[in-house]
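Novice: Just so we're aligned, residue -7 is where the sequence shown starts under the numbering used here, counting upward by one.
Note that CB positions come from ideal geometry on N, CA and C, so glycine has one too.
Let me give you the structure first, and then I'll get to my questions.
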Amino acid sequence: MLIIGSHVSFSKNQLLGSVKEALSYGANAFMFYTGAPQNTMRKELEEMYILAALELMNANNLDIKNVVCHAPYIVNLANRSDEAKYSFSINFLKQEISRCAKLGIKKIVLHPGSAVKITKEEGLNNIINALNIILDNEYDVTILLETMAGKGSELGRNIEEIKTIVDSINNKDKIGVCLDTCHLNDSGVDIANFDTYLEEFDKTIGLDKIGCVHINDSKNALNSHKDRHANIGFGTIGFDNICKVVYNPKLERVPKILETPYVGDFDEDKNRLYPPYKFEIEMLKNKQFDLNLLEKIRAYYKSN
Ligand code: FE
Ligand code: FE
Ligand code: ZN
C-alpha cells in the first residue's frame, strides 16, 4: 500500500489539527514542525490534543509510525563558533526528541548543517559530536538526516557526507536518512536513474537506514545546488521520474511526504495561497499527470 502524505500545520490544536488536515488531503502519513520552522519557540504540549489525535488516527487507520516530525531548519549543528549557541541547539534538539516521544512519534528529520567559515571536515565533526550527545537518551526516536541540495556550504550534499556522519554515531539504531527528491536533483542525482542511486546508497549506507522520503519536483536544473521545490510534474524532475520514487518497491514501507509549494491565486486583488496536497496525492495515486492540476486546485478552494 502506498504510504503518502504531506507537510501539515501544528498550530491549530497541535497534533489533533495536524491529523485533521492530513485526513482532509486523503493522506495516510504526514509531517509537521512542533512550532515555527524558523525559530525555536515552542508551546507546552497539551495532553487532550494528543489523546484526541491518537483516537482520530486509529479510527482512520493512520499509523503513527508514518508520522514524522521535522526539526526547525535554523538549527545548525555544524556551527561551533559560539559555544553557547552550539549548546543551545543541542539542548533544543534533546527537548524536541522528548516532545516527539511524548506524542508517540519515532522519527524526526534534521538538516545536517552548514559549514559557514569552517572546513567541511570541521563542520562534519561538529555535527557528529552534537548528535552523539543528543542521541544519548532513553527515547525510541530516530534522527533522519536529510539529503541536501548543496546550497552554499550545506553539508549532507552527497552519500559520502551522509555516510561520514552515520558511521560516527555511537547509537546506530537512532540514526537514519530522509531522501528529498528536489534536493537530490539539485545536488546532481538524476532521478531518471533513481535505481542506480538506491543501489549505491544500499552499498554504502544501507537501504534499511531510509526512514522517510520527501517528494518534491524542482524549479531548477540537475546539479544547480539551489533547493526550490516545484509542484509535482511541474518541475525539471517530471511526473514519471517522481513516480519511480513513489512506487519504488524498495521504499514501499517508507512514508512519502510532499513539501511542494502552495498554489497562488491573484483573483480580486487578493493574494491567496492554496495547499496542493489533496490534488497531488490524488494524481500520484492515479499515476497520471494532470496538466490542469493547478487550475483545478484554484477552482476547488475558490468554491469551498
Ligand atoms: Fe527539510
Ligand atoms: Fe525536504
Ligand atoms: Zn528543500
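Look at P64 and Y25 and say whether their C-beta atoms are less than 8 Å apart.
Specialist: Cβ atoms of P64 and Y25: closer than 8 Å.
Novice: In whole angstroms, give me the CA-to-CA distance for V246 and V181.
Specialist: Cα to Cα, the separation comes out at about 20 Å.
Novice: Apart from the five residues on each side of it in sequence, which residues of its chain come closer than 6 Å, Cβ to Cβ, to Q30?
Specialist: Closer than 6 Å at the Cβ level, and outside the excluded window around Q30, lie I66.
Novice: Does L43 pass the burial test, meaning 16 or more other C-beta atoms within 10 Å, or should it be called exposed?
Specialist: L43 should be labelled exposed.
Novice: Looking at H206 and ligand 2, is the gap between the Cβ and the nearest heavy atom below 7 Å?
Specialist: Yes; taking the cut-off as 7 Å, the Cβ of H206 has a heavy atom of ligand 2 nearer than that.
Novice: Restricting to Cα atoms, I'd like to know which of K4, N83, L136 and D209 is closest to N129.
Specialist: Of K4, N83, L136 and D209, the residue nearest in Cα terms is N83.
Novice: Measuring CB atoms only, is the stretch 85 to 105 touching the stretch 271 to 284, in the sense that at least three cross pairs come out at less than 8 Å?
Specialist: No: fewer than three Cβ pairs fall under 8 Å.
Novice: Using the Cβ count rule (16 or more neighbours within 10 Å means buried), how would you classify T111?
Specialist: T111 should be labelled exposed.
Novice: Starting from G256 and walking both ways along the beta strand (DSSP E), at which residues does that stretch end?
Specialist: Run containing G256: V255 to D257, per the beta strand (DSSP E) assignment.
Novice: Which same chain residues, not among the five before or five after M33, have their C-beta less than 7 Å away from its C-beta?
Specialist: These residues qualify, in order along the chain: G27.
Novice: In whole angstroms, give me the CA-to-CA distance for A19 and K12.
Specialist: Between A19 and K12, the C-alpha separation is close to 10 Å.
Novice: Do you know offhand how far L285's Cα is from S81's?
Specialist: Whole-angstrom Cα-Cα distance: 40 Å.
Novice: When every heavy atom of ligand 2 is checked, does at least one fall within less than 7 Å of the C-beta of D172?
Specialist: True, at least one ligand heavy atom lies under 7 Å from that Cβ.
Novice: Please report the distance separating the alpha-carbon of S160 from that of D172.
Specialist: So the alpha carbons of these two residues sit roughly 22 Å apart.
Novice: Going by other Cβ atoms of all chains shown within 10 Å of its Cβ, with 16 needed for buried, is V108 buried or exposed?
Specialist: With fewer than 16 Cβ atoms within 10 Å of its Cβ, V108 is classed as exposed.
Novice: The alpha helix (DSSP H) with G326 in it runs from where to where?
Specialist: Residue 326 cannot be examined here, being either before or after the span of the chain that is shown, -7 to 296.
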